[in-house]
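Residue numbers (the numbering used here): 16 to 192.
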């Protein structure tokens, strides 16, 4: 019986004798994808007037085709105006997109399993709860709640059509300055 081909390979980079960093290297033949939206955003404004540990950020892509407003726990993940971030919305954390790790009744962070979360610094799990259309245009707004921290994504319906009334993961990492 032929051996199944791996979807990823893992490079191990030794930093010191006591720490090891793993880096995910996707295989070119990687099948389905869990990623619904993956874009770089530039933070244009921050507002932390309403809550001590929550900041609402406003950001948009470089070509202004997608805009977001996101409530983020600024105590554990501070973001400032002018910062560029990579934002991903995914239906599952499994790299092949075939299953939702959370649906199997396990914690989302098994130490033996490599997931999308390995490459990101801030991860939330939430639910799409509302869609709004903007008149006769192709623009829509999608609203997602991550346990009370809200995300509004506004853009062309073609870019956001994968965001249905479903659970999604939010993954964020900062770009190097």
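Where a beta carbon is used, it is the ideal one built from N, C-alpha and C, also for glycine. Quantities reported herein were computed from a predicted structural model and do not represent experimental measurements.
- A distance below 7 Å between beta-carbons, with the five flanking residues on each side excluded, links residue 189 to the following residues of its chain, in chain order: 98, 100, 136.
- For residue 104, the three-state secondary structure derived from DSSP is strand.
- Cβ-Cβ distances below 8 Å link residue 144 to 158, 159, 160, 180 in the same chain, with the five nearest sequence neighbours on each side left out; the list follows chain order.
- In the DSSP assignment, residue 158 is bridged to 145, 167.
- CA-to-CA, the gap between residue 134 and residue 108 works out to about 11 Å.
- The alpha carbon of residue 73 has as its nearest neighbour, out of 84, 80, 66, the alpha carbon of 84.
- Judged by DSSP secondary structure, residue 184 falls within the beta strand (DSSP E) whose first and last residues are 182-189.
- Around the CB of residue 91, fewer than 16 other CB atoms lie within 10 Å, so the residue is classed as exposed.
- Of the other Cβ atoms in all chains shown, fewer than 16 fall within 10 Å of the Cβ of residue 152; this residue is therefore exposed.
- Of the residues 170, 147, 96, the one whose Cα lies closest to the Cα of residue 70 is 96.
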